[in-house]
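Take a look at the structure below.
2 protein chains.
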Amino acid sequence: MKQAILLIIGDEILSGNVQDSNSCFIASAMKGIGIEVKEIIALADEASSITRGLEYALANADVVISTGGLGPTKDDKTKKIVASFFGDELVSDSETLAHLKNYLIKRNRAELFEINRSQADVPSKCKVLQNHNGTAPCMMMEEQGRLLFVLPGVPYEVKPLVRDQIVPLLAEKWDLPYIMTKIISVVDFPESQLSEHIASWEDALPSNVSLAYLPTGNRVRLKLTAKGSDKKALEVQLSKLSEDLKPLVKGKILSWNGDNIAEILAEVLKERKLSIATAESCTGGTIAKMITSVSGSSAYFIGGIVPYDYHQKIKILGVSEESIRLHTVVSEAVAQEMSKGCQNMFDTDIAVATTGVAGPNKDEFNNDVGIVYYSIRIKDKEKTYKLHLPHLVREDFVNFVSQRVIQDLVVMLSLS
Amino acid sequence: MKQAILLIIGDEILSGNVQDSNSCFIASAMKGIGIEVKEIIALADEASSITRGLEYALANADVVISTGGLGPTKDDKTKKIVASFFGDELVSDSETLAHLKNYLIKRNRAELFEINRSQADVPSKCKVLQNHNGTAPCMMMEEQGRLLFVLPGVPYEVKPLVRDQIVPLLAEKWDLPYIMTKIISVVDFPESQLSEHIASWEDALPSNVSLAYLPTGNRVRLKLTAKGSDKKALEVQLSKLSEDLKPLVKGKILSWNGDNIAEILAEVLKERKLSIATAESCTGGTIAKMITSVSGSSAYFIGGIVPYDYHQKIKILGVSEESIRLHTVVSEAVAQEMSKGCQNMFDTDIAVATTGVAGPNKDEFNNDVGIVYYSIRIKDKEKTYKLHLPHLVREDFVNFVSQRVIQDLVVMLSLS
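As you go down the protein sequences, you meet chains A and B in turn. Taking the UniProt record's numbering, the leading residue of the first sequence gets 1, the next gets one more, and so forth. Taking the UniProt record's numbering, the leading residue of the second sequence gets 1, the next gets one more, and so forth.
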């Protein structure tokens, strides 16, 4: 099996200033063509680190992909280091120069050509993969059958380079096996208990199949990964393993093949032809964002409202002033009235509503940080939930609650 | 200067299944106390990888922090490997056992105690830092003045452990220098041009100060990092350097000290006492989410609406059917009517509105993927922008546009 190592170059990653997202995308793309990523190494934008990284990676993997350090500014050093690592020199590549000029002209930025000219300097031995979304080209070096791809760091430049150029090139070059995965989402079954409960099934897994437990809130995703040369056989194998698992986890399975909870919801809503709307206070639009992150969501997502100021809850959603006076804004009653108002406003089958205190401070009604009520309304059925999550920072609180609302909705739709 | 290496353990990271966010948080926390993270290595959940990672990291850093692989299930192996690496053995720690029992009882999960009992087994030589938000404790090993912290992988368990226990412990143990940063946001100045323009200033930077260019959309964040033992002197140094930069980038500076665009907006809105509301179609709630990610945003964010279905744009925001018929939903006219309707609905000083095609398919009016119009309305002033971003995938499109809307609003408020 071919193996890859990713080198993520950039001080901004090491200082915690920028969250790297390239490695996740590239790793997933490699897995898709049967290449195993064995390590991801984030390195400083500095000659000795990059050189050591290249040495280690090229000695230990069949393909090395680096990102970052290709900008026109002085803090970007990757290209020179790569050339010297291979005992090569930088030369101006006429095709890349023409591509660069064209790229800038198309964007009405012709005046930048002289300044960016040096971006067409590449190691003389490299093969250039042109970058259609930025000024730094991707360079491929080959030595003793091992490949190095040097990419820029901007994610929306990296993605098309990997997807449209590197992946086809590798799939064409090597006879790669298949890596197939199946993700089974289990709810209401703590990881430790689940693991004991399915131990005999897990112990009997064939040697080409591995299992990982990926907990998210109170959902555990069981991820089966099967490797082999026969795609059809792997499919059969994975579905047979699921069948064997079925009797052990009856009534606890949210999805037999889904990872992202918004995609799992999409499946259910499309199948049942149900429409949905959201009314979010403490989650501030995150549930709407998650639902609309699925392409085609306009088929079932009608709209959302974020009545952040409490007067808006009254004015737009018809929450009663008395409920607020009696129970404060963060209460079961208000959550229920919000989902009711939302269902009416958007005229949908389903409405969900959240109200809570994301922190770091108590709200104006003195409600504790981390308290949240959410109401899920499916036609004339309604259920209100309360969580207390005082240990989560604001961002984590919002994401946790949003995940959980969608998950509980899927549970209500599927398991009850 | 003390250096750290982070080891991110978990197959789910290497397969691109889970985006690691721990490393970013930990790196930022380390920098905050003057420890430089020199490498971040993501490794497989597998004995030889973890052992090699430990060897390399402990030989090359003063402090090593690992995350992941501490769960109760069979795919988690870190703890045993750490013990054997140090020639130690696992013993049941009574204090950790009591903590675990207590933790589960408090959560009405006492029945899980027996199953999780093994989570209180720790290397005999370790110091335990109790985890108040999960069942796996954090373990600290010390050898020849070098420290290893072994943490679980769940981000909301990692954050408090790092912030409340590891950071104070390190700050107390070592006499650490200060690392101070200042982030200057420049707009409308392409990275390559900016770099030429400020070259003499950059070349004259003192040796304890480094500069990084961090581009985000059409904004470039100039990040100055200064290291030294005198906090006050570093502050003076950084503000002197900013002063020197000022005349070179006149009229292009969005913020002299801010990283996150929603936080920069918060500063401006609070200072000018302005309220804001959002009407989002193609961005699906992301702008509202970004604005409300800032704590205290309820002081200026009144509410948001996501009229995803176009009938809702008409019904709720008063967009005219004729505009849609003449120009389709993705048009300057509709964006303008949306921001107008939004400003009226929430009665705010500012309203922003987006309408576009996030893809991957054309919309029902046959508008191209990647087209977006957004309208920014500040009291009676309005400006409409159009972007065409056909190369961005759905998620990147939404994030790019949302960033850009907030940024252009700050530009309108500050620079024009």
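Ideal Cβ positions, reconstructed from N, Cα and C, are used throughout, including at glycine. Owing to the predicted nature of the structure, the values given are computational and were not obtained by experimental measurement.
Listing by chain order, which chain A residues have their CB less than 7 Å from the CB of residue i?
i, result
"B:N116", "S192"
"B:F346", "Q312"
"B:C24", "G16, Q19"
"B:T73", "E191, S195, Y213"
"B:L112", "P190, S192, Q193"
With residue i and residue j assumed to form a contact (beta carbons below 8 Å), what rounded beta-carbon distance in angstroms separates them?
i, j, result
"B:V405", "B:V352", "5 Å"
"B:V128", "B:M139", "6 Å"
"B:I13", "B:D20", "5 Å"
"B:G285", "A:A59", "That belief does not hold up - the Cβ atoms of B:G285 and A:A59 are roughly 47 Å apart, past 8 Å."
"A:T67", "A:N116", "Actually they do not touch by this definition, with Cβ atoms about 19 Å apart."
"B:E341", "B:V319", "According to the sequence provided, residue 341 of chain B is Gly. The question's Glu does not apply to it. At roughly 6 Å, the Cβ-Cβ gap stays under 8 Å, so B:G341 and B:V319 are in contact."
"B:P152", "B:M1", "Their Cβ separation, rounded to whole angstroms, is 28 Å, which puts B:P152 and B:M1 out of contact at 8 Å."
"A:L100", "A:A120", "5 Å"
"A:Y310", "A:I324", "7 Å"
"B:I81", "B:A47", "5 Å"
"A:F189", "A:V249", "7 Å"
"A:S275", "A:I350", "7 Å"
"A:S297", "A:A266", "7 Å"
"A:I261", "A:V410", "7 Å"
In the DSSP output, which residue or residues are listed as bridge partners for residue i?
i, result
"A:D121", "A:S92"
"B:T328", "BP columns for B:T328 are empty, so no partner."
"A:R219", "A:V187, A:T216"
"A:V158", "Partner(s): none; A:V158 has no beta bridge."
"A:R146", "A:E143"
"A:Q3", "A:E36"
"B:E280", "B:T354"
"B:Y385", "B:Y374"
"B:I253", "B:V186"
"A:S66", "A:L7, A:V150"
"B:S210", "B:T225"
Could you pull out every residue in the same chain whose Cβ sits closer than 7 Å to the Cβ of residue i, ignoring the five residues on either side in sequence?
i, result
"B:G53", "L7, I41, L43"
"B:Y213", "E191, S195, V220, L222"
"A:L392", "G370, F400"
"B:N131", "P137, C138, P152, E157, L161"
So which residues of chain B does residue i contact, with C-beta pairs closer than 8 Å?
i, result
"A:D380", "The contacting residues do not exist; A:D380 stays about 22 Å from chain B at best."
"A:H391", "H132, N133, Y156, P160"
Could you list which residues in chain B have their beta carbon closer than 7 Å to that of residue i, in chain order?
i, result
"A:A27", "L14, S15, G16"
"A:E196", "I115"
"A:L54", "Those do not exist, as A:L54 stays about 14 Å from chain B at its closest Cβ, beyond 7 Å."
Along chain B, in chain order, which residues have C-beta atoms closer than 9 Å to that of residue i?
i, result
"A:K223", "D11, E12, S15, N17"
"A:D396", "P155, Y156, K159"
"A:I41", "E39, I40, I41, A42"
"A:K31", "L14, S15, G16, N17"
Under 6 Å Cβ to Cβ from residue i, same chain only, skipping five residues before and after it: list those, please.
i, result
"B:A4", "M30, I35, V37, A61, V63"
"A:V91", "S124"
"A:K383", "I376"
"B:S210", "T225"
"B:Q165", "L129"
"A:P155", "S21, N22"
What does residue i touch in chain A if you count any residue whose Cβ is under 8 Å from its own?
i, result
"B:L214", "E12, N17, V18"
Quick one: residues in its chain with C-beta nearer than 8 Å to the C-beta of residue i, no 5 flanking neighbours on either side, listed in chain order?
i, result
"A:T78", "I9, D45, I50, S66, G68, G69, L70, V150"
"B:F365", "T328, V329, V330"
"A:R394", "A358, G359, P360"
"A:E89", "A83, P123, S124"
Would you please verify whether the beta carbon of residue i is less than 8 Å from any beta carbon of chain D?
i, result
"B:L169", "Of the chains in the structure shown, none is chain D; the protein chains are A and B."
Contact list for the segment 285-308 of chain A against chain B, Cβ threshold 7 Å: G285, T286, A288, K289, T292, S293, S295, S298, F301, I302, G303, G304, I305, V306, P307, Y308
Return the residues of the segment 350-369 of chain A that lie within a Cβ-Cβ distance of less than 9 Å from chain B, sorted by chain order. A358, G359, P360, N361, D363, E364
Could you please tell me which residues of the segment 58-71 of chain A, in chain order, have their CB closer than 8 Å to any CB of chain B? G71
Please list, in chain order, the residues of the segment 254-277 of chain B that have any C-beta partner in chain A closer than 8 Å. D259
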